[in-house]
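K.L.:
One structure is given below, represented as structure tokens, and several questions about it will come after.
Chains as they are written, first to last, in the working numbering: chain A, 39 to 442; chain B, 27 to 382.
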């Protein structure tokens, strides 16, 4: 363990040893597998099982892991090797992470470096190194208001679709802040627990509108008295049909001139009363706007309304996922339950703070950031005394070292 | 029947012998499997064999409603004979043929009867609706889980969930679509039934089982473990695998998923370890020791001792390994099936693909 890891582990230990500490375990805790990523050489302890949250907390206090996970799957024998566990079902889970969002602030706070040739750049890491085509990248990410706000908006869209389209029950749904750059939604229900990987892939594709073909939602060109007229779904129709129209309505009221249409098309659409979308079949009624323009609008509407989930998480029926109430080793922030009605006002930079007091650290380099009511940085090669939560964030993010 | 069934007549049971009511009906007739093997029931046995022969030879089963009892009784007998052969290919083919037969009849049924069958035999949760959100009229709203369990087998874009109307956990479906989804349910049920070995088998059935084995060899060719060519046939490899090999040969970097796909594919088509290791040699970061270790792991000679199979096409699409899919790709879900199919054509053995 290096000095930074020692400092982090010590703080984590204090956090878990707090006599008031309680975990927020998922339903049926004894049927799940638990995993801990340890400080020592980043070693993963898996295939553990606990009968209740008390025994789990005792193990966490003993081990003081960097990350704590539980399986979304239920098993007859959670401690058996993978092939012999006896899968009996799995929660339906969704992960929204700024890693997968294309926010404009990323070049300001994220950077990458190719592990093979050393090529480096700003922003989110490309899939392949542009120079040597290697896929192993070292990434430096940061969490910022803007990225997390975007993640929150994606989460709100996800929840709306889960309830109105998928018919998921509020009672069985939990929302969590991941303690880093996103939100998790867990659905615990009998109906969805038996879904296989392929079925879950369909659900992920639905939320992402992956493979959506507007023609199959009856967007088509028909002929009325010799003139060609576009026809399509209507506002208020269930599922993607109504959502497509709602998306177009939003676009007409905001970014209509930023979606790559010609100025004539834009002015035709602007001079047309978008409230018509709410009232009647409208597709054919805008002069100068033909099928291809509508198609552009539909694809932009779909982009706007889809929820950017990470489909790998949703389709994996053996996934280990972060345990609410534990610390995220990437930040020192708590992964925590967010009551859904409070999502809008939830402040991921205030509520998940886990540490009190002050700490002195040597910051190597850090962008400016906010935590609680205070702003910090930017820092570069300086020793500063910070509130513990801020210092821990920098330590966990490898942006700082403890002072000797 | 103990209770009069208002929805189904005996003619219906003859049309749909997979229904729960058909099994109940047989129970009430008090006929056991020993009886079936006696001369009195020769029409039943004949029909059972005909079902099998038609399914194996043409991929279809015709309807014969002249003798309703024979029609109802012969179906479980066909299942039984087939399960005794232990031939999975034949079981799949028979299930498909019977399911198709059922579909052609189901699509002509009233919404009420479809609703009843889906509910009672297959335990679906569905609602009868009258909705016409656009040009198409929908009779049903099917629960999401019931829809997905069956639609994932259907590859046309219209079955993809984002292209459906999904409202509070219910997927809208037309009458025809409901019949098509039921076809999948029927197919799965028959595959499950014929795949299970029965307990006691009357001796008299043994010759029939042997005859069916003969039919299977006649119509489906050599048993499955000879399906693959003895020697790896590069011409039969799918575009994604060839692309991976080309990339490696040119010294380009291939990502983890690509490497795993290639190695597991080669292991499964029976390529030798030396040959596989050689394929990876041109890679810029090639380490013979590492490659050999990993290939052995995939082949199940190390670690968990599981022999890995090649990832599914959907997974390869997600990871960007899928490359220029061609006509055959549309009909398969795993690169290994592509290989099987193409190799069969190339070597001129058996039908070019399982008839659909």
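Just so you know, even glycine gets a beta-carbon here, dropped at the ideal spot from N, CA and C. Computed from a predicted structure; not experimentally measured.
Is the beta carbon of residue 206 of chain B closer than 7 Å to that of residue 197 of chain B?
P.N.:
For the pair residue 197 of chain B and residue 206 of chain B, the CB atoms are not nearer than the 7 Å cut-off.
K.L.:
Using 8 Å for Cβ pairs, my map puts residue 87 of chain B next to residue 73 of chain B. What's the rounded Cβ distance?
P.N.:
About 10 Å; that fails the 8 Å criterion.
K.L.:
Going by beta carbon distance, what residues of the same chain come within less than 7 Å of residue 103 of chain B, once the five residues before and after it are set aside?
P.N.:
So the list reads 62, 70, 71, 74, once near-sequence residues are dropped.
K.L.:
Once you ignore the five residues that flank residue 303 of chain B on each side, which residues in its own chain have a CB closer than 7 Å to its CB?
P.N.:
314, 317, 318, 321
K.L.:
Could you say which of A:412, A:385, A:122 lies nearest to residue 376 of chain A if we only look at CA atoms?
P.N.:
A:385
K.L.:
Can you tell me which of the three DSSP states residue 225 of chain A falls into?
P.N.:
Three-state result, residue 225 of chain A: strand.
K.L.:
Quick one: grab the DSSP three-state call for residue 330 of chain A.
P.N.:
helix
K.L.:
Report yes or no: is there a C-beta of chain B within less than 7 Å of the C-beta of residue 164 of chain A?
P.N.:
Chain B contact via Cβ: absent.
K.L.:
Going by beta carbon distance, what residues of the same chain come within less than 6 Å of residue 285 of chain A, once the five residues before and after it are set aside?
P.N.:
339, 342, 343
K.L.:
Identify whether residue 109 of chain A lies in helix, strand or coil by the three-state DSSP scheme.
P.N.:
strand
K.L.:
If the cut is a Cβ gap below 7 Å, which residues of chain B does residue 420 of chain A touch?
P.N.:
Scanning chain B for C-beta atoms nearer than 7 Å to the C-beta of residue 420 of chain A yields nothing, as the closest lies near 39 Å away.
K.L.:
Of the residues that make up the stretch 278 to 299 of chain B, which ones have a beta carbon closer than 8 Å to any beta carbon in chain A?
P.N.:
278, 279, 281, 282
K.L.:
For residue 133 of chain A, decide whether its Cβ has a neighbour in chain C, counting only Cβ atoms nearer than 7 Å.
P.N.:
Of the chains in the structure shown, none is chain C; the protein chains are A and B.
K.L.:
Measure the alpha-carbon distance for residue 221 of chain A versus residue 391 of chain A and round it to whole angstroms.
P.N.:
About 16 Å.
K.L.:
Answer yes or no: do residue 325 of chain B and residue 293 of chain B have a C-beta to C-beta separation smaller than 7 Å?
P.N.:
yes
K.L.:
Check the Cβ of residue 332 of chain B against every Cβ in chain A and list those closer than 8 Å, keeping chain order.
P.N.:
121
K.L.:
Taking Cβ-Cβ distances shorter than 8 Å, what residues in chain A pair up with residue 340 of chain B?
P.N.:
236, 239
K.L.:
Find out if the Cβ-Cβ distance for the pair residue 406 of chain A, residue 415 of chain A is shorter than 7 Å.
P.N.:
A contact, by the Cβ cut-off of 7 Å.
K.L.:
Quick check: the Cα distance between residue 276 of chain B and residue 335 of chain B, rounded to an integer number of angstroms?
P.N.:
Approximately 26 Å between the Cα atoms of the pair.
K.L.:
Note down, one range per segment and in chain order, each beta strand (DSSP E) of at least 3 residues found wholly within the stretch 123 to 201 of chain B.
P.N.:
152 to 157, 164 to 169, 196 to 199
K.L.:
Identify the contact partners of residue 271 of chain A in chain B, using a Cβ-Cβ distance below 7 Å as the criterion.
P.N.:
160
K.L.:
Assuming contact is defined by CB atoms lying nearer than 7 Å, are residue 387 of chain B and residue 256 of chain A in contact in what I supplied?
P.N.:
The displayed coordinates of chain B run from 27 to 382. Any statement about residue 387 of chain B would go beyond what the structure contains.
K.L.:
With DSSP run on the structure shown, which of helix, strand or coil describes residue 278 of chain A?
P.N.:
helix
K.L.:
Pull the bridge partners of residue 421 of chain A from the DSSP assignment, please.
P.N.:
A:400
K.L.:
For chain A, check one thing: does any of its Cβ atoms lie closer than 7 Å to the Cβ of residue 156 of chain B?
P.N.:
Not one chain A Cβ lies under 7 Å of residue 156 of chain B.
K.L.:
Any residues in the stretch 269 to 299 of chain A with a beta carbon nearer than 7 Å to a beta carbon of chain B? Which ones, in chain order?
P.N.:
Listed by position along the chain: 271, 275, 276, 277, 278, 279.
K.L.:
Would you report the Cα separation of residue 115 of chain A and residue 72 of chain A, rounded to the nearest angstrom?
P.N.:
Each residue's Cα considered, the two are about 12 Å apart.
K.L.:
With contact counted as at least three CB pairs below 8 Å, one residue from each stretch, are the stretch 220 to 238 of chain A and the stretch 348 to 360 of chain A in contact?
P.N.:
yes
K.L.:
Could you give the residue range of the beta strand (DSSP E) that holds residue 64 of chain B?
P.N.:
No beta strand (DSSP E) holds residue 64 of chain B; DSSP gives it neither H nor E.
K.L.:
Is there a Cβ of chain A sitting closer than 7 Å to that of residue 363 of chain B, yes or no?
P.N.:
False, the Cβ-Cβ gap to chain A never drops below 7 Å.
K.L.:
Is there a C-beta anywhere in chain B that falls below 7 Å from the one on residue 256 of chain A?
P.N.:
With its beta carbon less than 7 Å from one in chain B, residue 256 of chain A belongs to the interface.
K.L.:
Is it buried or exposed, residue 60 of chain A, if we count other Cβ atoms within 10 angstroms and call 16 or more buried?
P.N.:
Residue environment for residue 60 of chain A: exposed (fewer than 16 other C-beta atoms within 10 angstroms of its C-beta).
K.L.:
Give the interface partners of residue 233 of chain A over in chain B, defined as CB-CB distance under 7 Å, in chain order.
P.N.:
At a beta-carbon threshold of 7 Å, the residues of chain B lying near residue 233 of chain A are 171, 174, ordered along the chain.
K.L.:
If the cut-off is 8 Å on Cβ atoms, which residues from the stretch 165 to 190 of chain A count as contacting chain B, listed in chain order?
P.N.:
165, 166, 170, 171, 172, 173
K.L.:
Rounded to whole angstroms, what's the CA-CA distance from residue 105 of chain A to residue 113 of chain B? Just pull it up for me.
P.N.:
49 Å
K.L.:
Suppose contacts are defined by Cβ-Cβ distances below 7 Å. Is residue 213 of chain B in contact with residue 362 of chain B by that definition?
P.N.:
Taking 7 Å as the Cβ cut-off, residue 213 of chain B and residue 362 of chain B do not qualify as a contacting pair.
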